[in-house]
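Student: This is the structure, below, for whatever I ask next.
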DNA sequence: GTGAAAGCGCTAACAG
DNA sequence: CTGTTAGCGCTTTCAC
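Residue numbers (UniProt numbering), protein chains in the order written: chain A, 1 to 351; chain B, 1 to 351.
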């Protein structure tokens, strides 16, 4: 006997519930969906027999009539998962208790694969699509406009009039730099990624807005090696050395911390270092652990889930770009007192 | 007008195709599904009009009659994503061209959440479930037995008679250690994770099988700090120092490499180091980049996808544990020549 | 070869 | 307040 047959044979339908409860199928349906009007007694009786029988409505049948599949598609080009994972977790979290399931659609940067996935979502009649990526200033290689279902863009660029969710890079950067200033640092430099990234520009601008337009910004790749090299460059120059480095991501920050240690410079006593992304695996393994800006990607995902649900239910949502706040997670690399309570000390479990 | 209404209004049904092609709905259905018998001419004509009209069959309706949703659930407790991500990517890859979509079900280690997701999958009538986790010797906090659909376990422990896919830790370890031996190393030690992990035991056994039963194995946490500490311990002892360290994961290996460098010991000239997991972010950032054992998790995911498909189609699959081979990815940390061709030099893109 | 008709399991008008 | 009836869009016997 095939699985499908077993399933068919054993599964109880609303018909069974109705029969046992002594009502018609229609009444049973209304009772279970809290619609229509009937005595509380009938409703309760139906619900109880349904529960007793272990009735689970067939989502396909329901979808067919309601034109709603209780399913959304999550489109992403971030195989690496660094940014997408928390977003996915948030989306899933926001939707699961509403009975909405999430289709995972990884498209790499392949337009053809993107089309395959979009077509599949069309066929499966998803109630909405959440597009997410690894860069706030890049679009996915698929056209999601004119689709017969709502779309929300999270951590990826969307069309002009779309609903887009991004992290507030400027605010995150500002908090980090202000924290350093409050800690008494006078000579702060910013070592960050390539200028071509919009977020790099935003963070740098926020940095300069706090320390003054003369604030020094060094651009390079997003790597530990670059953090290392930047320290080499800064500390080989004549004149005052920086007493704080605000980094564009945690990898650069780690490179900076390691390079400083190799030079015998003590972090955070002599130099404070702050990272960006709060990527646990990097920030926690650094010695000392990195203070870092967390982009709250999970919350961003949750918000995306909430929005797509509202849209699916036909509620109006104002289009435009929403910036969600970042938060500074304080560890030991910048001195000062811990401010944030959610230090995820996190033992990393592993095989 | 709501999205659902737009969708309903604009969507063309098989009825439209049939009308335009001048056949009955039944014939159209058969033509499009390559079933039934009819003239080639009719079949082609129907297919062409379907294509011209941009007909996309309604997956819900099809599922309702076929008792097959062309959907599988991917259950995971690995929020962190380290091991799950490649598995997910593989699963998705194997299924997408078969028109099968993947439901993402992240359950943390929460049994209640697990039940919610399993119930949702039951409702949505997934054709199968792939369970995956972060440890090969731990079960997910959900009972997947007796479900009316097939289940495949990938990188997580399943019941005795289940279909389970795991990496061949022993073979991976053996290849790594043999590589070190071939490179002329005589005094190899193994610095690895806690003894409580089954895979730790397997790798250690394989290690001893190659270097002899006297081979030294040090257990500790899965952290860089432990790698660091292990070097401190080994190099402060009297007697011969190791000329190679085989590590239980890349983080430990990185700790080892860093500690050696701090002692002025050159890797790989004086000491070779090999990691495990081939976690790009760690192995590539290490100086020098780590040679590491790759568990081929993506291939494992692909295989899981293939198997669940076969099961869903009613084909028989032999139960039992399948071990998939690991492969050694050679970088610079152990000397010798590059052997593997797929060095993913990988620039890590980031915001 | 082709089509009419009967569902798949559920919801929603519309009567009673 | 409850039940009858008519679909949702597609597949599948079974006649013609």
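By construction, the Cβ of each residue, glycine as well, lies at the ideal position given by its N, Cα and C atoms.
The structure presented is a predicted model; accordingly, all values stated were derived computationally and were not measured.
Between which two residues does the alpha helix (DSSP H) harbouring residue 252 of chain A extend?
Tutor: It spans 250-262 - the alpha helix (DSSP H) in which residue 252 of chain A sits, taken as one unbroken run.
Student: Within 10 angstroms of the Cβ of residue 255 of chain A, are there 16 or more other Cβ atoms? Answer buried if so, exposed if not.
Tutor: It counts as buried.
Student: Residue 319 of chain B and residue 161 of chain B - do their beta-carbons sit closer together than 8 Å?
Tutor: Yes; because the gap between Cβ atoms is below 8 Å, this pair is in contact.
Student: Please go through the same chain and pick out, in chain order, the residues whose beta-carbon is closer than 8 Å to the beta-carbon of residue 171 of chain A, but skip the five residues on each side of it.
Tutor: Excluding residues within five positions, the ones whose Cβ falls inside 8 Å are 206, 323, 325, 326.
Student: Out of curiosity, what's the CA-to-CA distance linking residue 270 of chain A and residue 231 of chain A?
Tutor: About 14 Å.
Student: Using only CA atoms, which one of B:104, B:39, B:281 lies nearest to residue 355 of chain A?
Tutor: With chain A covering only 1 through 351, there is no way to say anything about residue 355 of chain A.
Student: Can you tell me whether DSSP reads residue 227 of chain B as helix, strand or coil?
Tutor: Helix at residue 227 of chain B.
Student: Measuring alpha carbon to alpha carbon, tell me which of B:38, B:45, B:210, B:193 ends up nearest residue 18 of chain B.
Tutor: Cα-wise, what sits closest to residue 18 of chain B is B:45.
Student: Any idea what DSSP makes of residue 117 of chain B, helix, strand or coil?
Tutor: Here residue 117 of chain B sits in helix by DSSP.
Student: Going residue by residue through the region 44-88 of chain B, where are the continuous alpha helix (DSSP H) segments of at least 4 residues, counting only ones entirely within it?
Tutor: With a minimum length of 4 residues, the continuous alpha helix (DSSP H) runs that stay inside the region 44-88 of chain B are 59-66.
Student: Is residue 222 of chain B closer than 8 Å to residue 252 of chain B when the C-beta atoms are compared?
Tutor: Cβ distance < 8 Å, so residue 252 of chain B and residue 222 of chain B count as in contact.
Student: Between the alpha carbons of residue 14 of chain A and residue 310 of chain B, how many angstroms are there, rounded?
Tutor: Between residue 14 of chain A and residue 310 of chain B, the C-alpha separation is close to 31 Å.
Student: For residue 131 of chain B, write down the residues that DSSP places opposite it in a beta bridge.
Tutor: Residue 131 of chain B pairs with B:75, B:153.
Student: Does residue 233 of chain A pass the burial test, meaning 16 or more other C-beta atoms within 10 Å, or should it be called exposed?
Tutor: Exposed, since its Cβ has fewer than 16 Cβ neighbours within 10 Å.
Student: Give the DSSP bridge partners of residue 294 of chain A, in chain order.
Tutor: DSSP lists A:327 as partners of residue 294 of chain A.
Student: Are at least three pairs of beta-carbons, each pair with one atom in the region 39-56 of chain A and one in the region 76-88 of chain A, less than 8 Å apart?
Tutor: Taking 8 Å as the limit for Cβ pairs, the verdict is that the region 76-88 of chain A does not touch the region 39-56 of chain A.
Student: Would you list, in chain order, the members of the UniProt domain "HTH lacI-type" (12-66) of chain A that have their beta-carbon closer than 9 Å to a beta-carbon of chain B?
Tutor: Hits within the stretch, in order: 56, 57, 58, 59, 60, 61, 62, 63, 64, 66.
Student: Within the same chain, show all residues whose beta-carbon is closer than 7 Å to that of residue 245 of chain A, passing over the 5 residues directly before and after it, in chain order.
Tutor: Cβ within range, chain order: 189, 191, 256, 271, 273.
Student: Taking 8 Å as the threshold (beta carbon to beta carbon), is residue 304 of chain A in contact with chain B?
Tutor: Not one chain B Cβ lies under 8 Å of residue 304 of chain A.
Student: Between which two residues does the beta strand (DSSP E) carrying residue 354 of chain B extend?
Tutor: What is shown of chain B runs 1 to 351, which leaves residue 354 of chain B out entirely.
Student: Let me make sure I understand the geometry here. Which of B:142, B:335, B:26, B:21 has the alpha-carbon closest to that of residue 367 of chain B?
Tutor: Lying outside 1 to 351, the shown extent of chain B, residue 367 of chain B is not represented and no answer is given.
Student: Based on Cα-Cα distance, which residue from A:110, A:40, A:25, A:122 lies nearest to residue 10 of chain B?
Tutor: Considering only alpha carbons, the answer is A:122.
Student: Below 8 Å on the Cβ atoms is my guess for residue 291 of chain A versus residue 321 of chain A; work out the distance and round it to an integer in Å.
Tutor: No, residue 291 of chain A and residue 321 of chain A are not in contact; Cβ-Cβ is about 28 Å, not under 8 Å.
Student: Are the CB atoms of residue 177 of chain B and residue 210 of chain B nearer to each other than 8 Å?
Tutor: Contact: yes.
Student: Residues bridged to residue 165 of chain A by DSSP?
Tutor: BP columns for residue 165 of chain A point to A:154, A:322.
Student: Beta-carbon within less than 8 Å of residue 126 of chain A's beta-carbon, same chain only, minus the 5 sequence neighbours each way: which residues are those?
Tutor: Closer than 8 Å at the Cβ level, and outside the excluded window around residue 126 of chain A, lie 69, 71, 72, 73, 103, 149.
Student: For residue 373 of chain B, which option in B:288, B:266, B:297, B:268 has the closest C-alpha, if you only look at C-alpha atoms?
Tutor: Shown here, chain B extends from 1 to 351; a query on residue 373 of chain B therefore has no answer.
Student: Smallest Cα separation from residue 129 of chain B: which of B:212, B:100, B:199?
Tutor: Ranking B:212, B:100, B:199 by Cα distance to residue 129 of chain B puts B:100 first.
Student: Using a threshold of 8 Å, state whether the C-beta atoms of residue 169 of chain B and residue 203 of chain B are closer than that.
Tutor: Yes. Within cutoff.
Student: Return the first residue and the last residue of the beta strand (DSSP E) that residue 217 of chain B is part of.
Tutor: Segment 216-219, the beta strand (DSSP E) holding residue 217 of chain B.
Student: Pull up the distance between the alpha-carbon of residue 38 of chain B and that of residue 151 of chain B, whole angstroms please.
Tutor: Cα to Cα, the separation comes out at about 38 Å.
Student: Who are the near neighbours of residue 79 of chain A in its chain, counting only those whose CB is closer than 8 Å to its CB and skipping five residues on each side?
Tutor: If we look at residue 79 of chain A and ignore the five residues flanking it on each side, its Cβ neighbours are 106, 108.
Student: Any idea what DSSP makes of residue 140 of chain A, helix, strand or coil?
Tutor: Of the three classes helix, strand and coil, the one that applies to residue 140 of chain A here is coil, per DSSP.
Student: When you check each C-beta in the region 144-161 of chain A against every C-beta of chain B, which residues fall closer than 7 Å?
Tutor: Listed in sequence order: 148, 149, 150.
Student: Compare the C-alpha of residue 312 of chain A against each of A:30, A:95, A:40, A:48 and name the closest.
Tutor: Checked all of A:30, A:95, A:40, A:48; the closest Cα to residue 312 of chain A is A:95.
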